[in-house]
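What follows is a single structure, written as structure tokens, with notes after it.
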Amino acid sequence: QNAQAGACSNMRFSKDNSTWYRWETFKTTRNVTLTPSGAGTKTVYVQFKDSAGNASAVYNDTINYIP
126 QNAQAGACSN
136 MRFSKDNSTW
146 YRWETFKTTR
156 NVTLTPSGAG
166 TKTVYVQFKD
176 SAGNASAVYN
186 DTINYIP
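Per the numbering used here, the sequence shown starts with residue 126, numbered consecutively.
Structure follows, in structure tokens:
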């Protein structure tokens, strides 16, 4: 069965919204090591792509890490 346009097939991540990891197969979970190390606000950016090659907007989530 062919994947339909709009169905999420790939994703990529960034820690600075500038330098991105390579596109990888979409998964519902993924570990990301937050940097810089130590306490503070950490942000991870993600972008999705469908099987037709259409990329989504960039989304992000931020946490305040307290060791």
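Glycine residues also receive a C-beta, built at the ideal position from the N, C-alpha and C atoms. Source: prediction; values computed, not measured.
C-beta atoms of residue i and residue j nearer than 9 angstroms
i      : j      : result
Lys140 : Val157 : yes
Ala182 : Gln172 : yes
Arg137 : Trp148 : yes
Close-in-space but distant-in-sequence residues of the same chain around residue i (CB under 6 angstroms, 5 per side omitted)
i      : result
Asn142 : Tyr170
Asn194 : No answer is possible for residue 194: it lies beyond the span of the chain, which begins at 126 and ends at 192.
Pro192 : Ala164
Start-to-end residues for the beta strand (DSSP E) that takes in residue i
i      : result
Lys152 : No beta strand (DSSP E) holds Lys152; DSSP gives it neither H nor E.
According to DSSP, residues forming a beta bridge with residue i
i      : result
Asp141 : None, per the DSSP bridge assignment.
Ala180 : Lys174
Asn189 : Thr166
Own chain, CB closer than 7 angstroms to residue i, minus 5 neighbours either side, in chain order
i      : result
Thr160 : Lys140
Own chain partners of residue i with C-beta closer than 8 angstroms, once the 5 adjacent residues on each side are dropped
i      : result
Asn185 : Asn142, Thr168, Val169, Tyr170, Val171
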